[in-house]
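This report refers to the structure that appears directly beneath it.
Numbering (my numbering), first residue to last: 28 to 183.
Next up, the structure:
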């Protein structure tokens, strides 16, 4: 299964790159912004903390994606394990979108919601909702397929 191996490697490198950017580049970037405008220094820690908190459901969703690919490799794709993995991915996407919505509201109340920050947050929220809807659709289809498969196994 070369395609699933490629997808597993892709998931690994996506996760690695996101975590490296979050832990190596973002602290440096926030320090640069604080040097440019020290009046926003009090937002440095909450901003980084918010991003780090969103990494928890992101990492869990990557893990569930990896498990889903393992189920595909083992030819157990039409099982409730796969449906639960898709449900977890959907939930993680909603949680990430919720964190970014709360973050936007927080920065807005602090009069620090720069248009570029709003645009990036809106893009992340939109992508999370798309992933959530698509995962929910796949979960519903997979659940129906599992039910049909179980019915067919009982009739034989």
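Cβ coordinates follow ideal geometry from the N, Cα and C atoms, glycine included. These figures come from a predicted structure and were not determined experimentally.
- prompt: So what's residue 5 in DSSP terms, helix, strand or just coil?
  reply: The displayed coordinates of the chain run from 28 to 183. Any statement about residue 5 would go beyond what the structure contains.
message: Quick test of the definition: if touching needs 3 or more C-beta pairs under 8 Å, does the segment 109–121 touch the segment 47–64?
response: no
- request: Note the first and the last residue of the continuous alpha helix (DSSP H) segment covering residue 91.
  value: Sequence index remark: in the chain shown, residue 91 carries index 64 (1-based). 71–100 is the span of the alpha helix (DSSP H), which, as asked, contains residue 91.
field: residue 111 to residue 144 span [Cα, whole Å]
entry: Locating residue 111 in the chain shown gives position 84, where the first residue counts as 1. Locating residue 144 in the chain shown gives position 117, where the first residue counts as 1. Looking at the two C-alpha atoms, the distance is approximately 33 Å.
task: Compute the beta-carbon to beta-carbon distance between residue 154 and residue 107, rounded to the nearest angstrom, for a pair I have assumed lies under 8 Å.
output: In the chain shown, the residue the question calls residue 154 occupies position 127. In the chain shown, the residue the question calls residue 107 occupies position 80. Contact flag wrong, Cβ pair sits at about 27 Å.
- request: Quick one: measure Cβ to Cβ for residue 137 and residue 75, integer angstroms, because I've assumed they're closer than 8 Å.
  value: On the chain shown, residue 137 is found 110 positions in, with the first residue counted as 1. On the chain shown, residue 75 is found 48 positions in, with the first residue counted as 1. Their Cβ separation, rounded to whole angstroms, is 15 Å, which puts residue 137 and residue 75 out of contact at 8 Å.
query: So, do the segment 157–165 and the segment 117–137 have three or more beta carbon pairs nearer to each other than 8 Å?
result: yes
- request: Please classify residue 137: does DSSP put it in a helix, a strand, or coil?
  value: Looking up residue 137 in the chain shown gives position 110. Residue 137: coil per DSSP, three-state reduction.
field: Own chain partners of residue 80 with C-beta closer than 8 Å, once the 5 adjacent residues on each side are dropped
entry: Numbered from its first residue, the chain shown carries residue 80 at position 53. Excluding positions up to five away in sequence, the list reads 126.
- prompt: By how many angstroms is the C-alpha of residue 58 removed from the C-alpha of residue 151?
  reply: Numbered from 1 along the chain shown, position 124 holds the residue referred to as residue 151. Numbered from 1 along the chain shown, position 31 holds the residue referred to as residue 58. Distance between the alpha carbons of residue 151 and residue 58: 23 Å.
- prompt: Can you give the beta carbon distance from residue 31 to residue 99, rounded, assuming they're within the 8 Å contact cut?
  reply: Counting from one through the chain shown, the residue named residue 31 turns up at place 4. Counting from one through the chain shown, the residue named residue 99 turns up at place 72. Rounded, the Cβ-Cβ distance is 5 Å, consistent with contact.
Proximity winner among 147, 105, 139 and 134, relative to residue 179 (alpha-carbon distances): Here residue 179 is taken as the residue at index 152 of the chain shown, counted from 1. Cα-wise, what sits closest to residue 179 is 105.
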